[in-house]
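Protein chains in written order, with our numbering: chain A, 6 to 261; chain B, 6 to 261; chain C, 6 to 261; chain D, 6 to 261.
No residue lacks a Cβ here, since even glycine has one placed at the ideal position from N, Cα and C.
Remarks on the structure that follows.
There are 4 protein chains.
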Amino acid sequence: DQPLVIGGRSFQSRLITGTGGATDLNLLEQALLASGTEMTTVALRRLDPRGDGAAVYALIERLKLQVLPNTAACFSAREAVTTAELAREALETNWIKLEVIADDKTLLPDVVQTLEAARQLVARDFVVLAYTNDDPIVARQLEDLGCAAVMPLGAPIGTGLGILNPHNIEAIVTRAQVPIVLDAGLGTASDAALAMELGCSAVLLATAVNRAQHPVVMAEAFRHAVAGGRLAALGGRVPRRRHALASSSMEGRAYL
Amino acid sequence: DQPLVIGGRSFQSRLITGTGGATDLNLLEQALLASGTEMTTVALRRLDPRGDGAAVYALIERLKLQVLPNTAACFSAREAVTTAELAREALETNWIKLEVIADDKTLLPDVVQTLEAARQLVARDFVVLAYTNDDPIVARQLEDLGCAAVMPLGAPIGTGLGILNPHNIEAIVTRAQVPIVLDAGLGTASDAALAMELGCSAVLLATAVNRAQHPVVMAEAFRHAVAGGRLAALGGRVPRRRHALASSSMEGRAYL
Amino acid sequence: DQPLVIGGRSFQSRLITGTGGATDLNLLEQALLASGTEMTTVALRRLDPRGDGAAVYALIERLKLQVLPNTAACFSAREAVTTAELAREALETNWIKLEVIADDKTLLPDVVQTLEAARQLVARDFVVLAYTNDDPIVARQLEDLGCAAVMPLGAPIGTGLGILNPHNIEAIVTRAQVPIVLDAGLGTASDAALAMELGCSAVLLATAVNRAQHPVVMAEAFRHAVAGGRLAALGGRVPRRRHALASSSMEGRAYL
Amino acid sequence: DQPLVIGGRSFQSRLITGTGGATDLNLLEQALLASGTEMTTVALRRLDPRGDGAAVYALIERLKLQVLPNTAACFSAREAVTTAELAREALETNWIKLEVIADDKTLLPDVVQTLEAARQLVARDFVVLAYTNDDPIVARQLEDLGCAAVMPLGAPIGTGLGILNPHNIEAIVTRAQVPIVLDAGLGTASDAALAMELGCSAVLLATAVNRAQHPVVMAEAFRHAVAGGRLAALGGRVPRRRHALASSSMEGRAYL
């Protein structure tokens with residue numbers, strides 16, 4: 006298999022694990038390791054200079070993960086651009102996971118503001134990974150603006166409902182020239198496998214691991230599921246048939 | 006994780022890969038290895054003393070896999086019992102995958118004949134792994150008759166439609182005291198992961214690997230998917246929520 | 006449209022509404038009327054000579070509905086046959102809705118006992134409408150035994166989960182020569198419409214009407230849904246397409 | 006039931022049938038009548054002064070239907086506004102079904118242009134019924150701009166795939182203060198019933214009727230399905246239960 010390439014960098018792992026939702030630093034560390042991820046997201050917005058933020062950042066450094074700051078909790082293009090600039094200065098990276106949400110109840114993206122923010126961030130030389138809804142047109146517009154990856158949701162953040170509209174995800178993937186990363190809404194391993202089978206290049210998770218009963222076990226589950234789904238996408242699955250097809254023969258020849 | 010125990014024997018792998026549908030011995034060997042399976046099914050019914058049967062059997066011996074003869078293409082309890090006795094003699098194993106199908110068009114199990122055959126085979130000291138439909142009552146009756154494992158279908162053999170009725174599979178698993186092995190109908194990795202998440206103890210596949218465009222790749226895909234699904238079942242997935250839940254915080258504390 | 010014909014009798018309505026679950030005689034009467042049904046089921050098993058049974062029966066007579074006694078709460082072929090004979094004597098009808106359930110927790114049919122009871126009841130000159138699971142083989146066996154109609158479940162009784170396995174219902178309908186009546190598990194109007202679109206000849210309901218918040222409104226909802234689903238089955242729906250197709254043209258010619 | 010009110014006008018029918026896709030004027034007339042619709046859409050864009058457009062318009066007048074011109078085949082806010090102005094002049098109505106699509110292959114809406122067009126059209130005193138994707142945030146933004154109704158798609162135009170994401174439709178309906186009209190993608194009666202059960206105020210169809218094998222039969226099917234789905238939404242369906250619930254009793258009392 007080819008490595009995943011985003012913004013000119015290669016990744017062996019196709020699972021991106023966020024730090025959001027974690028409740029214990031030790032568990033977070035073990036879960037990050039078990040997931041096999043090479044990149045992790047952190048929310049700059051909620052920076053607390055006295056507190057946990059520094060500890061999480063130290064952990065990311067120790068694990069040699071690429072840090073992907075996000076603009077979580079930004080409600081407008083202007084806020085998102087400001088947050089991205091702060092992140093670039095603080096973390097010395099021009100990578101940004103762009104998130105502009107419409108309100109703090111649905112946490113759904115505001116696509117008009119997201120498109121505007123993407124335009125500005127690309128112009129400011131950011132490598133933009135844009136969180137968005139599952140609308141194939143918006144995905145294409147984000148790509149046309151120069152985003153390095155487009156990250157449609159499977160379901161609203163934190164719901165664990167999986168991929169509510171596989172048809173749209175497949176439509177997005179079919180036309181995309183940049184990596185499509187399924188982001189948000191996944192609940193369990195089969196959801197991640199399905200995302201990869203639909204043709205996504207990677208999967209981004211946070212809640213589904215960090216809020217599981219056993220985050221480390223679930224991190225390993227997702228690592229396997231992403232690998233399995235990727236291989237299944239490459240392996241050329243059997244066609245779906247309406248009617249049965251005997252398997253216990255070898256083209257008419259006998260077995261055993 | 007605990008090993009899978011069927012009929013007193015332990016298995017590390019929870020993926021059982023059949024030989025059915027294979028069209029090339031080399032590919033079959035590589036696929037069996039890639040799948041990590043420790044047990045494989047063969048159809049005694051189609052024994053051809055001159056031909057491929059012997060080669061397949063030699064392969065199974067060389068790979069040190071447990072052989073699980075099946076009664077594929079039997080249409081009655083009587084035929085199935087006769088076939089099982091022939092298999093016991095020829096292969097020196099009292100393990101049998103019981104399959105009694107209603108016709109060679111749908112390949113669906115005839116549950117009345119299956120129950121009768123199970124009764125007779127248990128009385129004859131077979132270790133019976135019984136292929137059946139997804140009816141929770143029939144599954145329980147097979148267990149009550151003494152079957153070592155019950156193997157409900159996800160969808161008709163060879164269709165690749167996945168698990169048509171997850172509700173039934175979950176109902177079967179919830180009440181079962183013996184291992185439930187999802188058998189038939191799976192098409193791709195996420196189907197296998199889902200089977201394990203629903204609580205199945207293992208997955209049995211043939212067509213989905215052997216008839217894929219790249220059987221070896223797909224065998225590895227299923228190996229990962231079964232492992233991932235099993236871990237997800239153990240890991241305690243997040244609950245499904247109707248509404249969003251922010252992940253980019255650590256219980257209110259800041260991250261980075 | 007042709008009328009529905011079961012056991013030589015014609016029905017204009019394709020909705021059969023049961024009395025089960027009703028909590029108020031007046032509501033039951035209005036719901037039966039609103040549903041437009043011409044036949045209704047009653048449970049003989051629970052006959053209480055002092056009580057409500059007589060009132061329900063009088064209501065059925067007044068509304069001139071065909072009575073269809075059922076063998077609800079029978080756990081064996083023997084019980085079902087005895088109950089059917091009692092019903093024939095008490096209600097002067099040789100029609101029987103055959104129900105043999107496996108236990109009073111799942112309320113799922115015991116198909117072995119159901120098949121045996123069907124064999125005996127047909128031999129005793131009953132017109133048998135047999136409640137069963139959604140296994141296409143069992144459905145065919147019931148038809149081969151001489152049942153006048155086969156009544157697969159959509160989901161377990163009283164769950165309101167709709168049709169859990171449309172693939173099986175379609176497979177049953179495709180091969181059947183007798184009417185297939187979807188029985189049990191429906192929750193709302195679209196479930197009933199779907200049953201008809203899959204090719205069922207009729208729908209049987211009780212809980213979904215009698216336990217709704219407004220039984221009379223829901224009875225009318227189901228009346229429309231069954232009519233709509235039937236017409237859709239006859240009308241030749243548009244094919245499902247993966248890609249869009251413009252509608253705002255008349256084969257290239259202009260509109261308006 | 007209350008009538009449907011859009012832009013201050015009341016409608017008894019909750020089914021809006023378009024003229025798009027029709028291939029025969031007589032069939033179109035009969036289908037419009039069978040559907041019971043009181044309003045129909047026409048595409049101004051494709052006006053052909055010599056031809057069918059006039060005949061269709063005469064038909065709409067004769068049937069006394071409210072005409073709802075649409076901006077089909079407009080690719081920008083500017084085009085849509087111009088088209089709406091032409092329609093207002095030609096048809097003497099300030100009602101407009103706003104459609105701005107992104108390309109003529111997917112026919113998916115361009116939500117940025119749609120929002121801009123809605124803003125301008127409301128400012129010009131149009132009664133705007135806005136076709137959009139199923140994003141709850143965009144739906145709310147259209148409402149906030151002053152649209153009289155918001156019309157999310159079930160699936161891409163002409164696909165007949167039904168409602169790909171019922172969760173989103175339900176989320177849109179839950180927050181909306183204006184009527185939500187399910188528009189595009191429906192294939193059959195149960196799809197329309199489901200739309201109404203999810204809480205939509207009405208359904209708009211064209212292809213599903215006009216391109217069916219028997220448009221008049223299908224028009225009647227949808228009329229019933231919309232009525233049935235609406236009643237089911239009002240009737241208070243039974244809850245979904247994971248486990249069975251006996252129906253053949255009246256709270257413990259007997260039923261003949």
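Nonlocal neighbours in the same chain, by C-beta distance under 6 angstroms from residue i, ignoring five residues either side
i, result
"residue 260 (chain C)", "Because residue 260 (chain C) sits at a pLDDT of 40, beneath the cut-off of 50, its placement in the model cannot be relied upon, and the point is left open."
"residue 93 (chain C)", "99"
"residue 211 (chain B)", "23, 25, 26"
"residue 32 (chain A)", "220"
"residue 256 (chain C)", "With a pLDDT of 41 at residue 256 (chain C), under the threshold of 50, the modelled position of this residue cannot be trusted, and the question is left open."
"residue 209 (chain B)", "21, 186, 188"
"residue 73 (chain D)", "44, 46, 100, 102"
"residue 254 (chain C)", "With a pLDDT of 46 at residue 254 (chain C), under the threshold of 50, the modelled position of this residue cannot be trusted, and the question is left open."
"residue 230 (chain C)", "194, 197, 198"
"residue 152 (chain B)", "123, 133, 135"
"residue 79 (chain A)", "85, 88, 105"
Selected residue, minimal CA-CA separation from residue i, among the options
i, options, result
"residue 150 (chain C)", "C:157, C:162, C:160, C:135", "C:135"
"residue 194 (chain D)", "D:44, D:234, D:121, D:182", "D:234"
"residue 108 (chain B)", "B:139, B:161, B:140, B:46", "B:161"
"residue 214 (chain C)", "C:131, C:37, C:205", "C:37"
"residue 171 (chain D)", "D:95, D:163, D:204, D:77", "D:204"
"residue 42 (chain D)", "D:165, D:115, D:227", "D:227"
"residue 133 (chain D)", "D:6, D:12, D:8", "D:12"
"residue 206 (chain C)", "C:152, C:156, C:87", "C:156"
"residue 87 (chain B)", "B:111, B:49, B:236", "B:49"
"residue 166 (chain A)", "B:140, B:244, B:177, B:225", "B:244"
"residue 225 (chain B)", "A:138, A:217, A:223, A:241", "A:241"
"residue 137 (chain C)", "C:158, C:127, C:131", "C:158"
"residue 110 (chain A)", "D:125, D:112, D:176", "D:176"
Endpoints, alpha helix (DSSP H) assigned at residue i
i, result
"residue 76 (chain A)", "Per DSSP, residue 76 (chain A) belongs to no alpha helix (DSSP H) and is neither H nor E."
"residue 39 (chain C)", "30 to 40"
"residue 227 (chain A)", "220 to 240"
"residue 82 (chain C)", "82 to 96"
"residue 212 (chain D)", "212 to 215"
"residue 147 (chain B)", "141 to 149"
"residue 200 (chain B)", "194 to 202"
"residue 127 (chain B)", "116 to 128"
Close Cβ partners of residue i (< 8 angstroms) along its chain, the five nearest in sequence each way excluded
i, result
"residue 10 (chain C)", "16, 184"
Residue interval of the beta strand (DSSP E) (run including residue i)
i, result
"residue 15 (chain C)", "14 to 16"
"residue 154 (chain B)", "154 to 157"
"residue 188 (chain B)", "186 to 188"
"residue 48 (chain A)", "44 to 48"
"residue 101 (chain B)", "100 to 103"
"residue 133 (chain B)", "132 to 137"
Spatial neighbours of residue i in its chain, beta-carbon cut-off 7 angstroms, leaving aside the 5 residues before and after
i, result
"residue 71 (chain B)", "43, 44"
"residue 35 (chain C)", "221"
Are the region 198 to 215 of chain B and the region 175 to 190 of chain A touching, with three or more C-beta to C-beta distances below 8 angstroms?
no
Going along the region 162 to 185 of chain A in order, which residues come within less than 8 angstroms of chain D, judged by CB to CB distance?
166, 169, 170, 172, 173, 176
Output, in sequence order along the chain, the residues in the region 15 to 28 of chain A whose CB is closer than 7 angstroms to any CB in chain B.
23, 24, 25, 26, 27, 28
Which residues, in chain order, does the region 105 to 116 of chain C contribute to contact with chain D at a C-beta distance below 8 angstroms?
109, 110, 111, 112, 113
Residues within the region 138 to 165 of chain B neighbouring chain C, beta-carbon criterion of under 9 angstroms
138, 139, 140, 141, 142, 143, 145, 146, 160, 161, 164
Taking three-plus beta-carbon pairs below 8 angstroms as touching, is the region 139 to 148 of chain D in contact with the region 116 to 129 of chain D?
yes
Quick test of the definition: if touching needs 3 or more C-beta pairs under 8 angstroms, does the region 242 to 249 of chain B touch the region 59 to 78 of chain B?
no
Quick one: which residues of the region 216 to 227 of chain B get their C-beta closer than 9 angstroms to a C-beta of chain A? List them in chain order.
216, 217, 218, 219, 220, 221, 222, 223, 224, 225, 226, 227
Contact residues within the region 117 to 138 of chain D, judged by C-beta distance below 9 angstroms to chain A
117, 120, 138
Where the region 232 to 248 of chain A meets chain B: residues whose CB sits under 9 angstroms from a CB there
232, 233, 234, 235, 236, 237, 238, 239, 240, 241, 242, 243, 244, 245, 246, 247, 248
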